[in-house]
Amino acid sequence: MGGFLSFVKKETLHIVRDPRTMLIALLMPVVQILLFGFAISTEVNNVNVAVVAPRPGETIRQIVMRIGASSYLTFKGFIPASDIDRTLRAGDADAVVVFADDYDRRTADPASKPDGKPAVQLIMDASNTNTAAAGAGYLRQLLTNPEAFKAAPETRLLFNPQMKSAYNFVPGIMGLIFILICAILTSVSIVREKETGTMEVLLVSPVRPLRIILAKMIPYFTLSCLNLASILLLARYVLDVPMSGSVAGIVGMSLLYLALALALGLFISTIADTQVTALIISAILMLIPLIMLSGMVFPIENMPGILQAVSCIIPARWYIDAIRKLMIEGLPFADVLDDFFILAAMTAALIGVALKKFNDKLE
Amino acid sequence: MLRVLLEKEFLQFLRNPFLPRMALIFPVMVMLVFPWVTTMDVRHIGVAVVDNDRTETSRRLISKIGASDYYTLQEVTDDFAGALDALESCAADVVLEIPDGFEEGLSSDNPKKASISANGVNATKGSLGTQYLQQTLMATLVELQAERGAAPAPETIVVQNRYNPTLEYRNYMIPALMIMLLITLGGFLPALNLVNEKETGTIEQINVTPVSRLSFTLAKLVLYWIIGFVVLTLALLLAWIVYGLVPVGAAGAIYLASMLFVLVMSGFGVIVANYSSTILQAIFVMFFFVMIFILMSGLLTPIASMPSWAQCITYFLPPRYFIEIMRAVYLKGATLRDLWYDYAALALFAAVFNTAAALTYKKQL
Amino acid sequence: MESEPIIRVRELSKRFGDFTAVDRITFDVARGEIFGFLGANGAGKTTAMRMLCGLSYPTSGSGTVAGFDIAREGELIKRHIGYMSQRFSLYDDLTVMENIRLYGGIYGLSRREILRRTAALLERLDFRAERHTRVGRLPLGWKQKLAFSVATLHRPEVVFLDEPTGGVDPVTRRQFWELIYEAAAEGTTLFVTTHYMDEAEYCSRVSIMVDGQIRALGAPAELKRHYGARTMDEVFRMLAREAKRTE
Chain E
1 MGGFLSFVKK ETLHIVRDPR TMLIALLMPV VQILLFGFAI STEVNNVNVA
51 VVAPRPGETI RQIVMRIGAS SYLTFKGFIP ASDIDRTLRA GDADAVVVFA
101 DDYDRRTADP ASKPDGKPAV QLIMDASNTN TAAAGAGYLR QLLTNPEAFK
151 AAPETRLLFN PQMKSAYNFV PGIMGLIFIL ICAILTSVSI VREKETGTME
201 VLLVSPVRPL RIILAKMIPY FTLSCLNLAS ILLLARYVLD VPMSGSVAGI
251 VGMSLLYLAL ALALGLFIST IADTQVTALI ISAILMLIPL IMLSGMVFPI
301 ENMPGILQAV SCIIPARWYI DAIRKLMIEG LPFADVLDDF FILAAMTAAL
351 IGVALKKFND KLE
Chain W
1001 MLRVLLEKEF LQFLRNPFLP RMALIFPVMV MLVFPWVTTM DVRHIGVAVV
1051 DNDRTETSRR LISKIGASDY YTLQEVTDDF AGALDALESC AADVVLEIPD
1101 GFEEGLSSDN PKKASISANG VNATKGSLGT QYLQQTLMAT LVELQAERGA
1151 APAPETIVVQ NRYNPTLEYR NYMIPALMIM LLITLGGFLP ALNLVNEKET
1201 GTIEQINVTP VSRLSFTLAK LVLYWIIGFV VLTLALLLAW IVYGLVPVGA
1251 AGAIYLASML FVLVMSGFGV IVANYSSTIL QAIFVMFFFV MIFILMSGLL
1301 TPIASMPSWA QCITYFLPPR YFIEIMRAVY LKGATLRDLW YDYAALALFA
1351 AVFNTAAALT YKKQL
Chain C
2001 MESEPIIRVR ELSKRFGDFT AVDRITFDVA RGEIFGFLGA NGAGKTTAMR
2051 MLCGLSYPTS GSGTVAGFDI AREGELIKRH IGYMSQRFSL YDDLTVMENI
2101 RLYGGIYGLS RREILRRTAA LLERLDFRAE RHTRVGRLPL GWKQKLAFSV
2151 ATLHRPEVVF LDEPTGGVDP VTRRQFWELI YEAAAEGTTL FVTTHYMDEA
2201 EYCSRVSIMV DGQIRALGAP AELKRHYGAR TMDEVFRMLA REAKRTE
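Here the protein sequences line up with chains E, W and C, keeping their order. For the first sequence, position 285 matches number 285 in my numbering, and the numbering has no gaps at all. For the second sequence, position 339 matches number 1339 in my numbering, and the numbering has no gaps at all. For the third sequence, position 160 matches number 2160 in my numbering, and the numbering has no gaps at all.
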């Protein structure tokens, strides 16, 4: 056991002696969670609207005022009809509202239908599909007869009443940051020893290989726990995420996830021979699938069946799902047991495969 | 002298057992798989309707919801609490409550309002579901009023979705994926390469030679510039062959922007490497910025929805300009003249970063 | 003295914070000498050498190498010197030929000249069969010989060798020193740091650094006489005992 502890000490010294790396590892999640928690939102706001009105009358002026007053829309000015395409192409506006020449007269007398031409045309820049769809919706509501507008439904979101995107993104960012940081740290630290040849020195020592690996994990696990603590505190007290469920459940789930991430790093270290390769796998190759398939930004239930199946092997998917339930919906731990067991099984599998490969190499 | 350095960089790259294969396979995988992921277009939203009105209006609304592909009508009850339970247990995504006297109130000055409650945990589904339902409700009301001759007929408002008439979300995402590829490969690879030379000590041997820091940095930049070119070409070809998506604007405009952008990213990678003494430090710093680049420059979520301080930050993120160019050229056929501002910004970043990259590379301590 | 010394150092110091790694050292090296730069680990040898090669700026004092000022003309010095560090630093993933071509090209040798010198070099090292082998697969002794040959490929006036024979077997060390003698015979000046005191005996002159200062300077025979010792090893032990600084 003494040998084991001295290994733990050695690994801890590696980390502490490189204060820059340690500082980055500790501060990065904090900065990211704050930045992303406050900044990112999937909601569509401030759709830029330009207006084409050959003869702007009183009604049109009122509509323009309403566009200017809406938080969803931003009025960018009147443009001539010949400039529509240029304005949209250059990105100066997301939508152009084109009023017919006789718009005022038509709205004054709704019964009159002089020709088949529409009274208003909404030309949307559909290259950004979300903005186009939402913007058209907002404009349509705004343009519809105010009589009908009065009956617009009240909306509210359960669990996330202000529609704060932090609620949505905090679990996602946690799922992303933990796995990447842990996998990078572990895989690089092990592969570096392979590269510099110190691994062989360790392996000829009387300490068993399994213990050496475990000793490497402990300091990184501790470091990750500090990250976890800082993120949870920030989420609760700075981002006002409710944490209505059991904090113990959240912590337990996260600890399992950290263990999984370390195991993943270990696994990567058995297939990579150089630090560069290890990093390309743990940082570059994992980043895009994690963002796309974890359900962090794109809802999994919208994906085609095959991709839903693929997303099942992304650990972050299960973790994010569980954390959303625990942190925001406040469900009891019993409701995330399936996520828990899947993550536990993944961890066990990764450790098993990694150790087998590790031992194979020794022989 | 540059020639031998280039030869060295290319030989090293090609001889690496892993890198060349990754530079080819990774873009192919990303382009084949991820465009399918990205449907923001939410369908089959589970709706529970609490109908306390039971009039023609409410029945019309319910039948509309039932008929639409966007919704799956879960239940129609008069028990609001029960419906909320369904929402909480995720059996329904959205609850629409139609109050008693809804129809009657429509013609009065103070109408009774319907309410929509959504599960906000899955923000995408919740907010889109609310939005859709709101629109359906309004459209139905307008339709009913038009039938009674009270309001302008709905066809007086015509929506034209220019550049992407079917609102195909994939068309929006494909340029975004190309950008992600160039951000990750263009930034990480040069940083890793350079700091690896530091760690193995080969750079010290170079430092005692008359090689200028400019040509040493340049040799690396050229390699990653060419890799960026290959990756982009591959991605463009796949977008065309697999998804039938070709740039509406000039391919030259896309290449120009991409080549500037790769230069920006590799220059940035070299700066990071110059300030790092170990691979781990370099990768963490790169990783930090790459996450910000991907999540904050308008790639996946709109910049316009960010708070104003965050919007200010985005002006300092080079991908912001590249994303604008890629989307405008790819889908809208914008030209260099439309986007001169974004090109100028990218060129400025490229110049600043690469000058800094050459200057911060210190041969002497 | 028939000519200007090729290396001339006056009161040269390097401090890192409070720590004085090199403390006012002064010495000259004449053309064609094999100058042994001795000292225990941490005595400041490598730091001093890095200043001479233009890899590090001096804190105070002055020096010239091949007539160029070490503080201001580092890049010019680099055209006239060769350097081999204690860490093997050729590219492992390039072949013997490719490494030679790279460094030849860096020093601006023409393609024909590189080929000619490469052929001669491979002949001398008896490396012909290995010319297309990746350097990473060569045994350490071979690598060191190759590194030395690459460092002298452009016929520099001075070659700096930082513990070139660390970890190499005695036979290869012997061969390595033959290469050094050959280079010296052709008029190259060699500046060598080493731990091996038997190697010190091969040098024309040696200096011994203790705690950042030069404590002894002269031909090995002179030094042995002055300290009344039979071998350089004894001389070194006598001086190193005074060291206060440990690693």
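Backbone N, C-alpha and C define an ideal beta-carbon position, used for all residues, glycine too. The model shown is predicted, which means the values in this text are computed figures rather than measured ones.
Inset, instruction - Would you be able to state if there are at least three C-beta pairs under 8 Å between the stretch 235 to 255 of chain E and the stretch 313 to 332 of chain E? - result: Under the 8 Å Cβ criterion, the stretch 313 to 332 of chain E counts as touching the stretch 235 to 255 of chain E, having at least three qualifying pairs.
Legend entry - Per DSSP, the bridge partner or partners of residue 2209 of chain C: Its beta-bridge partners are C:2039, C:2214.
Inset, instruction - Kindly identify the DSSP beta-bridge partner or partners of residue 1046 of chain W. - result: DSSP, once it has assigned bridges, lists W:1072 as partnering residue 1046 of chain W.
Inset, instruction - Provide the residue span of the alpha helix (DSSP H) that contains residue 1163 of chain W, from first to last. - result: It is not in any alpha helix (DSSP H) - residue 1163 of chain W carries neither H nor E in the DSSP assignment.
Legend entry - Presumed contact (8 Å Cβ cut-off) between residue 2240 of chain C and residue 2040 of chain C, rounded CB distance: Yes, they are in contact, since the Cβ atoms of residue 2240 of chain C and residue 2040 of chain C sit about 5 Å apart, within 8 Å.
Legend entry - Three-pair Cβ contact test at 8 Å for the stretch 1188 to 1204 of chain W versus the stretch 1213 to 1223 of chain W: Yes, the stretch 1188 to 1204 of chain W is in contact with the stretch 1213 to 1223 of chain W.
Inset, instruction - Note the first and the last residue of the continuous beta strand (DSSP E) segment covering residue 2086 of chain C. - result: No beta strand (DSSP E) holds residue 2086 of chain C; DSSP gives it neither H nor E.
Inset, instruction - Establish whether the CB of residue 1278 of chain W and some CB of chain E are separated by less than 8 Å. - result: Chain E, which has a Cβ nearer than 8 Å to the Cβ of residue 1278 of chain W, makes this yes.
Inset, instruction - For residue 91 of chain E, decide whether its Cβ has a neighbour in chain W, counting only Cβ atoms nearer than 8 Å. - result: It does: the Cβ of residue 91 of chain E has a partner Cβ on chain W nearer than 8 Å.
Inset, instruction - In angstroms with no decimal places, state the Cα-to-Cα distance between residue 2095 of chain C and residue 2129 of chain C. - result: Cα to Cα, residue 2095 of chain C sits roughly 12 Å from residue 2129 of chain C.
Inset, instruction - Give a yes or no on whether 8 Å exceeds the smallest Cβ distance from residue 1018 of chain W to chain E. - result: When Cβ-Cβ separations below 8 Å define contact, residue 1018 of chain W makes contact with chain E.
Legend entry - Helix, strand or coil at residue 1078 of chain W according to DSSP, with G and I counted as helix: Taken through DSSP and simplified to helix, strand or coil, residue 1078 of chain W comes out as coil.
Legend entry - Residue-level contact to chain E via CB, residue 1196 of chain W, 8 Å cutoff: Chain E contact via Cβ: present.
Inset, instruction - Could you say which of E:310, E:265, E:322, E:212 lies nearest to residue 364 of chain E if we only look at CA atoms? - result: Shown here, chain E extends from 1 to 363; a query on residue 364 of chain E therefore has no answer.
Inset, instruction - Inspect the CB distances between the stretch 1015 to 1032 of chain W and the stretch 1056 to 1065 of chain W and report whether three or more fall short of 8 Å. - result: Taking 8 Å as the limit for Cβ pairs, the verdict is that the stretch 1056 to 1065 of chain W does not touch the stretch 1015 to 1032 of chain W.
Legend entry - Local Cβ density within 10 Å of residue 1338 of chain W, reported as buried at 16 or more and exposed below that: With a 10 Å radius around the Cβ and a threshold of 16 neighbouring Cβ atoms, residue 1338 of chain W comes out buried.
Inset, instruction - Output yes if chain W places a C-beta closer than 8 Å to the C-beta of residue 2093 of chain C; else output no. - result: Contacts with chain W at 8 Å (Cβ-Cβ) include residue 2093 of chain C.
Legend entry - residue 2158 of chain C versus residue 2185 of chain C: straight-line alpha-carbon distance, rounded: One C-alpha to the other measures close to 13 Å.
Legend entry - Beta-carbon separation (whole angstroms), residue 283 of chain E vs residue 173 of chain E, contact threshold 8 Å: In this structure, residue 283 of chain E and residue 173 of chain E do not form a Cβ contact; the two beta carbons are roughly 16 Å apart against a cut-off of 8 Å.
Legend entry - residue 314 of chain E (DSSP reduced to helix, strand or coil): Three-state result, residue 314 of chain E: coil.
Inset, instruction - Give a yes or no on whether the C-beta atoms belonging to residue 84 of chain E and residue 96 of chain E are separated by under 8 Å. - result: Taking 8 Å as the Cβ cut-off, residue 84 of chain E and residue 96 of chain E qualify as a contacting pair.
Inset, instruction - Please confirm if residue 288 of chain E has its CB atom under 8 Å from at least one CB of chain W. - result: Yes, residue 288 of chain E lies at the interface with chain W (some Cβ there is under 8 Å from its Cβ).
Legend entry - Assigned secondary structure, residue 1051 of chain W (DSSP; H/G/I helix, E/B strand, else coil): Strand.
Inset, instruction - Starting from residue 45 of chain E, follow the alpha helix (DSSP H) in both directions and report where the run begins and ends. - result: Careful: residue 45 of chain E lies outside any alpha helix (DSSP H) and carries neither H nor E.
Legend entry - 8 Å Cβ cut-off: residues of chain C touching residue 1022 of chain W: The contacting residues do not exist; residue 1022 of chain W stays about 16 Å from chain C at best.
Inset, instruction - Anything in chain W within Cβ reach of residue 133 of chain E, meaning under 7 Å, just list it in chain order. - result: Per Cβ cutoff of 7 Å: 1167.
Inset, instruction - Identify whether residue 1116 of chain W lies in helix, strand or coil by the three-state DSSP scheme. - result: Looking at residue 1116 of chain W - three-state DSSP - the assignment turns out to be strand.
Legend entry - Contacts of residue 385 of chain E in chain W (Cβ-Cβ under 9 Å): Within the shown structure, residues of chain E are numbered from 1 to 363, placing residue 385 of chain E beyond reach of any answer.
Inset, instruction - Would you list, in chain order, the members of the stretch 1206 to 1225 of chain W that have their beta-carbon closer than 7 Å to a beta-carbon of chain C? - result: If the cut-off is 7 Å between Cβ atoms, the stretch 1206 to 1225 of chain W has 1207, 1208, 1209, 1210, 1211 near chain C.
Legend entry - Ordered list of alpha helix (DSSP H) runs contained in the stretch 2103 to 2140 of chain C, each at least 4 residues: Here the runs fully enclosed are 2111 to 2125.
Inset, instruction - Look up residue 250 of chain E in the DSSP assignment and say whether it is helix, strand or coil. - result: In the displayed model, residue 250 of chain E falls within a helix according to three-state DSSP.
Inset, instruction - Determine the DSSP secondary structure at residue 2238 of chain C, reduced to helix, strand or coil. - result: Reduced to three states, the DSSP call for residue 2238 of chain C is helix.
Inset, instruction - Would you list the residues sitting across from residue 124 of chain E in a DSSP beta bridge? - result: Per DSSP, E:95, W:1161.
Inset, instruction - In the DSSP assignment, find the unbroken beta strand (DSSP E) run with residue 2007 of chain C in it and report its ends. - result: 2007 to 2016 is the extent of the beta strand (DSSP E) around residue 2007 of chain C.
Inset, instruction - Flag residue 1155 of chain W as yes if its beta-carbon sits less than 8 Å from any beta-carbon of chain E, otherwise no. - result: With a pLDDT of only 49 at residue 1155 of chain W, under 50, the local geometry of the prediction cannot be trusted, and no value is derived from it.
Inset, instruction - My understanding is that residue 278 of chain E touches residue 288 of chain E, with C-beta atoms under 8 Å, so please give their C-beta distance in whole angstroms. - result: Actually they are not in contact, since the Cβ atoms of residue 278 of chain E and residue 288 of chain E sit about 18 Å apart, beyond 8 Å.
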